[in-house]
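I have placed the structure first, in the form of structure tokens, so that the comments after it can refer back to it.
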Amino acid sequence: MHGSAAPALLFALLLIALVVATVYLFAARRYAAPPPITSTAAQVAHQFNLTLYVMGAVFILAQFALAFAVFRFRDRGQRPRFSRGNVALEIFWMCAAFAIFIGLAIAGQHAWAEVQFTPAQPNAIQIEATTSQFVYTFRYPGPDGKFGMLHPRFVDAPAGNPLGIDPNDPAGRDDIVVPTLTVPVNRQVELLLRSQDVVHNFFVRELRIQQDAVPGMLIPIHFTPTRIGKYDIVCTQLCGLGHQTMHSFLNVVSEGDYEAFLARQEAQQ
Amino acid sequence: MSSAPQIRRAAAETPRSFWRRYIFSTDHKIVGLQYFFLALAAVTVGIVLSLLMRFHLVWPLAHLPLVRGGIMTPEQYLALMTMHGTLMIFFVLTLAPQNGFGNYFLPIQIGAPEMAFPRLNSISFWLTLGAFLVMIAAFLVPGGAPISGWTAYPPLSALGEVAGPGEGAGQTLWIVSILIFCIASLLSSANFIATVIDMRAPGMTLTRMPLPVWAWFVTSILILLSFAVLLASGVLLLFDRSAGTSFFVPADLVVNGQIQNHAGGSPLLWQHLFWFFGHPEVYIAILPGMGVVSHVLANFSRKPVFGYRAMAFTLCAIGFLGFFLWGHHMFVSGMSPYSSVAFSVLTMSIGVPSAVKTFNWLGTLWGGRIQFQTPMLFAMGFISLFVTGGISGIFLAQPALDSVLHATYYVVAHIHFVMGLAAIFGIFAATYYWFPKMFGRLMSEPLGKLHFWLTFAGVYCIFMPMHFVGTAGGIRRYADATGAAYLAALQPLHRFMTYAAFLTAAAQLIFFWNFFRSLRSGVRASVNPWNATTLEWTTASPPPIDNFAGEIPTVYRGPYEYSVPGASADFIPQNLPLGREGDSTNG
Numbered sequence: 147m148h149g150s151a152a153p154a155l156l157f158a159l160l161l162i163a164l165v166v167a168t169v170y171l172f173a174a175r176r177y178a179a180p181p182p183i184t185s186t187a188a189q190v191a192h193q194f195n196l197t198l199y200v201m202g203a204v205f206i207l208a209q210f211a212l213a214f215a216v217f218r219f220r221d222r223g224q225r226p227r228f229s230r231g232n233v234a235l236e237i238f239w240m241c242a243a244f245a246i247f248i249g250l251a252i253a254g255q256h257a258w259a260e261v262q263f264t265p266a267q268p269n270a271i272q273i274e275a276t277t278s279q280f281v282y283t284f285r286y287p288g289p290d291g292k293f294g295m296l297h298p299r300f301v302d303a304p305a306g307n308p309l310g311i312d313p314n315d316p317a318g319r320d321d322i323v324v325p326t327l328t329v330p331v332n333r334q335v336e337l338l339l340r341s342q343d344v345v346h347n348f349f350v351r352e353l354r355i356q357q358d359a360v361p362g363m364l365i366p367i368h369f370t371p372t373r374i375g376k377y378d379i380v381c382t383q384l385c386g387l388g389h390q391t392m393h394s395f396l397n398v399v400s401e402g403d404y405e406a407f408l409a410r411q412e413a414q415q
Numbered sequence: 033m034s035s036a037p038q039i040r041r042a043a044a045e046t047p048r049s050f051w052r053r054y055i056f057s058t059d060h061k062i063v064g065l066q067y068f069f070l071a072l073a074a075v076t077v078g079i080v081l082s083l084l085m086r087f088h089l090v091w092p093l094a095h096l097p098l099v100r101g102g103i104m105t106p107e108q109y110l111a112l113m114t115m116h117g118t119l120m121i122f123f124v125l126t127l128a129p130q131n132g133f134g135n136y137f138l139p140i141q142i143g144a145p146e147m148a149f150p151r152l153n154s155i156s157f158w159l160t161l162g163a164f165l166v167m168i169a170a171f172l173v174p175g176g177a178p179i180s181g182w183t184a185y186p187p188l189s190a191l192g193e194v195a196g197p198g199e200g201a202g203q204t205l206w207i208v209s210i211l212i213f214c215i216a217s218l219l220s221s222a223n224f225i226a227t228v229i230d231m232r233a234p235g236m237t238l239t240r241m242p243l244p245v246w247a248w249f250v251t252s253i254l255i256l257l258s259f260a261v262l263l264a265s266g267v268l269l270l271f272d273r274s275a276g277t278s279f280f281v282p283a284d285l286v287v288n289g290q291i292q293n294h295a296g297g298s299p300l301l302w303q304h305l306f307w308f309f310g311h312p313e314v315y316i317a318i319l320p321g322m323g324v325v326s327h328v329l330a331n332f333s334r335k336p337v338f339g340y341r342a343m344a345f346t347l348c349a350i351g352f353l354g355f356f357l358w359g360h361h362m363f364v365s366g367m368s369p370y371s372s373v374a375f376s377v378l379t380m381s382i383g384v385p386s387a388v389k390t391f392n393w394l395g396t397l398w399g400g401r402i403q404f405q406t407p408m409l410f411a412m413g414f415i416s417l418f419v420t421g422g423i424s425g426i427f428l429a430q431p432a433l434d435s436v437l438h439a440t441y442y443v444v445a446h447i448h449f450v451m452g453l454a455a456i457f458g459i460f461a462a463t464y465y466w467f468p469k470m471f472g473r474l475m476s477e478p479l480g481k482l483h484f485w486l487t488f489a490g491v492y493c494i495f496m497p498m499h500f501v502g503t504a505g506g507i508r509r510y511a512d513a514t515g516a517a518y519l520a521a522l523q524p525l526h527r528f529m530t531y532a533a534f535l536t537a538a539a540q541l542i543f544f545w546n547f548f549r550s551l552r553s554g555v556r557a558s559v560n561p562w563n564a565t566t567l568e569w570t571t572a573s574p575p576p577i578d579n580f581a582g583e584i585p586t587v588y589r590g591p592y593e594y595s596v597p598g599a600s601a602d603f604i605p606q607n608l609p610l611g612r613e614g615d616s617t618n619g
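Residue numbers (my numbering), protein chains in the order written: chain A, 147 to 415; chain B, 33 to 619.
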């Protein structure tokens, strides 16, 4: 009662089509992450490619092995090869999987450690980023180099104090508060992330950095952009009905343009 | 607990009234079917919600049926998304494979006349139905369903209406529903564990248990340990919302210009507790599917499962390791980056038993005589989908790469492949495989095959492009692409996925048609239509109320004795006494 070869063939062809389409789309890079703009982002991109090559090979092999087995061993009236398993082979498979997965895990820690385990340099430019439904607000300490105290009772966005800077604190009088993030190229920036209401996120694709902003926590991240340009900042943590509109820009500018930006803002405060 | 003879006596008396027989029944088979049909109702709602979402993502300004006001608002989109995830994960992927098929077939596969606690079983179902009704009611209250996603991260989920529409009564009903669901799941998992330990027929040693039984057993332990934590954290969240406590809400919050009266809580605490449940939940959804797939592959390859002991062991290993990975959902949460390294390596290590399972499934096919009945097609499709989903997991398990892929469509692709699609294919394999036993009739093979081909190709067309949307930075849980300019460039992929989603959903109508038509007019099934070995295929289709018509079977051999050299048939039932394999009358 053996059946036709059609289902085996169709199944195998579908898997081959899947593999070909997937490999083509990854190779064509029509939909891919933009080029990295920091050295750590470049490391992350490198690790992504390494994982893509290794796991891409595993993907191709596994899908082809399935396609081959299904087609080769379709019912043609043959007698099945009786086998309950093969312990040596199973141990070999296990060790191979272990080596690949743990190897990738260890290789991937370099990029992570570089950005996460080392604190920012002491001369890094400190900027505070505050998230709230559904805006980013960035604060520069101003000429005195110090951030003014914040208190929720002073929060009044319509009156121009969205962060609640204490009007009685002299350190706060020269703070620069802006809705977009402007930084100089080739200087390390330390961003201090905080949130006023719910959990938000700070994501810039070109930095390969994604970090939640959590109310009650002050989370520092640091990066050194090496390419002038305007990059999107988006929120990736579901924060309410305006989540998809929460958006700002990272402007990486020359040292001269950065000084001009600060001077312009200081004149306005 | 009742002793086996007592249960046998009670079970032998088939209740006569319709209500006692089919509605308030303690028969594990009826309870299993009740769970199955509840999951079928939930999956129908879940699919409709996902179609509305897919439609909105591509045509945001079109008028839609079922949507208040005609044009979908962002908060309505988020409500649909929250309810889609919740219904699918809790009421479909948790219920159908475990409580549906597990209830029906676990006792029969181990040769028991009933579950250990039949009344508890029935209570679990009715609580679950209550949870479902409470969940659906969230759509109907002022403000609508919650918008905080199935993960319900506080403070968004803890602050009430001030945080957004749906965060009032809708979110409260959501939590209450989940709490009821947790209680029901705890009761039923204790029942499953007791049944496996206590109710096995003579000769049914642990290493003779069919692999679905192993999977249901391990899954029950996962449910018992993880839903207990979700229950506790859900109570705390409810307190934060309604009793003025601050477990998850810190001080100094200003929401919509209003200072919140909370202090001392931690949003990360909820994430740890939730994912301590949430990660094992992935395995709760997929392990029963793995068991069923192993079972079906052996049956239709006419070969023993390759490495039975390794298959049982890896089910346990995945279940055990599954409790130590929850932090990989929190790489970008603000948790210590050092713990990310530990969670990353642990996460990679669970890939090892998963890979061993995949190899052994291929080993089962290798050298077989593969028959292409519909259940087998879905089981083979499961392998392909599970491989695809597992491979994207190797990217996400690395914190450095997760910093790019987190909360993008890449994650949506990953979860749908490994948890959604693979588990659904497991459910389809189980449905086509066991339908003749449950209803005494066969489903149509041509319709089943058509359903498989369209669904298999369809789900790849829906979810494979999400990997590319995700690597390009397409953010999930966005109601539209208005945020950043680069998102608009991804719309062609979204359009393709939406077309594929509608076609694939339409293909499910073939399944529904086949299912309900076969219930009434399918070809009558014999006792053992697939020439299978396990105990459910030794009793009538459908089985009598006490499963084996007053007898308790005795088990003499392992569950996958296919094509044994020297035997007269190419399968040997588990209850065939030793030495009788050569008889020409067996089976």
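All C-beta atoms, glycine included, are put in the ideal place defined by N, C-alpha and C.
Owing to the predicted nature of the structure, the values given are computational and were not obtained by experimental measurement.
CB contact below 7 Å: B:Ile-318 versus chain A: no
Through-space distance from B:Gly-458 to B:Ile-121, alpha-carbon basis: 15 Å
Alpha-carbon spacing of B:His-438 relative to A:Leu-198, whole angstroms: 16 Å
Expected contact under 8 Å - CB spacing of A:Ala-178 and B:Thr-503 to nearest Å: 6 Å
Best match in B:Thr-514, B:Ala-537, B:Pro-605 for proximity to A:Ser-394 [C-alpha to C-alpha]: B:Thr-514
Amino acids of chain A, ordered along the chain, whose beta-carbon sits closer than 9 Å to that of B:Ala-601: Per Cβ cutoff of 9 Å: no residues; B:Ala-601 is ~13 Å from chain A at best.
A:Ile-365 and B:Gly-366 closer than 7 Å at C-beta: yes
Test: A:Ala-211 CB closer than 7 Å to a CB of chain B: yes
Amino acids of chain A, ordered along the chain, whose beta-carbon sits closer than 9 Å to that of B:Ile-392: As written in the sequence, residue 392 of chain B is Asn, which differs from the Ile given in the question. Residues of chain A passing the Cβ test: Gly-231, Glu-236, Trp-239.
B:Gln-405 versus B:Ser-326 - alpha carbon distance: 15 Å
Distance between beta carbons of B:Ser-265 and B:Trp-302, contact taken as under 8 Å: 6 Å
Inter-residue Cα distance where the pair is A:Ile-183 and A:Phe-284: 21 Å
Inside the region 143-187 of chain B only - alpha helix (DSSP H) runs reaching at least 4 residues: 150-169
C-beta neighbour in chain B for A:Ala-409, strict 7 Å: no
Contact set between the region 438-451 of chain B and chain A, restricted to residues whose Cβ is under 9 Å from the partner: His-438, Ala-439, Thr-440
Sequence-distant residues of the same chain with beta carbon closer than 7 Å to B:Phe-247, five excluded per side: As written in the sequence, residue 247 of chain B is Ala, which differs from the Phe given in the question. Once the five neighbours on either side are set aside, the close Cβ partners of B:Ala-247 are Leu-319, Pro-320, Met-322, Gly-323, Leu-347.
Neighbour-count burial assignment, B:Asn-607, 16 or more Cβ in a 10 Å radius: buried
Beta-carbon proximity of B:Ala-411 to B:Leu-329, cut-off 7 Å: yes
Inter-stretch contact (C-beta, 8 Å, three-pair minimum) for the region 196-216 of chain B and the region 160-170 of chain B: yes
CB contact below 7 Å: B:Lys-389 versus chain A: no
A:Val-360: contacting residues in chain B (beta-carbon distance under 8 Å): Pro-299, Leu-300, Ser-365, Gly-366
Environment of A:Met-147 [buried if 16+ CB atoms lie within 10 Å]: For A:Met-147, the pLDDT reaches just 48, beneath the cut-off of 50, and the residue's location in the model is therefore unreliable, although a value from the coordinates is still provided. Looking at its Cβ environment, which holds fewer than 16 other Cβ atoms inside 10 Å, A:Met-147 is exposed.
Cβ contact (3+ pairs, closer than 8 Å) linking the region 527-543 of chain B and the region 553-564 of chain B: no
Per-residue contacts from A:His-393 into chain B (C-beta, under 9 Å): Thr-514, Gly-515, Ala-516
Entirely enclosed beta strand (DSSP E) segments - the region 306-359 of chain A, minimum 3 residues: 322-324, 327-330, 335-341, 346-350, 355-359
Identity of the residues DSSP links to A:Asp-378 by a beta bridge: A:Phe-395
Within 7 Å, strictly: CB atoms of B:Glu-593 and B:Gln-141: no
Proximity below 7 Å, CB of B:Lys-521 to CB of A:Asp-378: Lys is not the amino acid found at residue 521 of chain B; the sequence shown has Ala there. Not a contact, by the Cβ cut-off of 7 Å.
Option nearest B:Ser-416 by Cα separation, candidates B:Ser-372, B:Ala-342, B:Val-491: B:Val-491
CB of A:Leu-339 within 7 Å of CB of A:Ala-359, strictly: yes
Closer than 7 Å to chain A by CB, B:Glu-613: no
Boundaries (first-last residue) of the alpha helix (DSSP H) holding B:His-499: 477-503
Segment contact flag, the region 504-512 of chain B with the region 384-401 of chain A, C-beta cutoff 8 Å, min 3 pairs: yes
Distance, B:Leu-81 Cα to B:Pro-186 Cα: 24 Å
Residue environment, B:Ser-35, which counts as buried when at least 16 other CB atoms sit within 10 Å: Residue confidence is low: B:Ser-35 scores 48 on pLDDT, short of 50, so the model does not pin down where it sits. No coordinate-derived value is stated.
Interface positions of the region 170-186 of chain A facing chain B (Cβ-Cβ less than 9 Å), listed along the chain: Leu-171, Phe-172, Arg-176, Tyr-177, Ala-178, Ala-179, Pro-180, Thr-186
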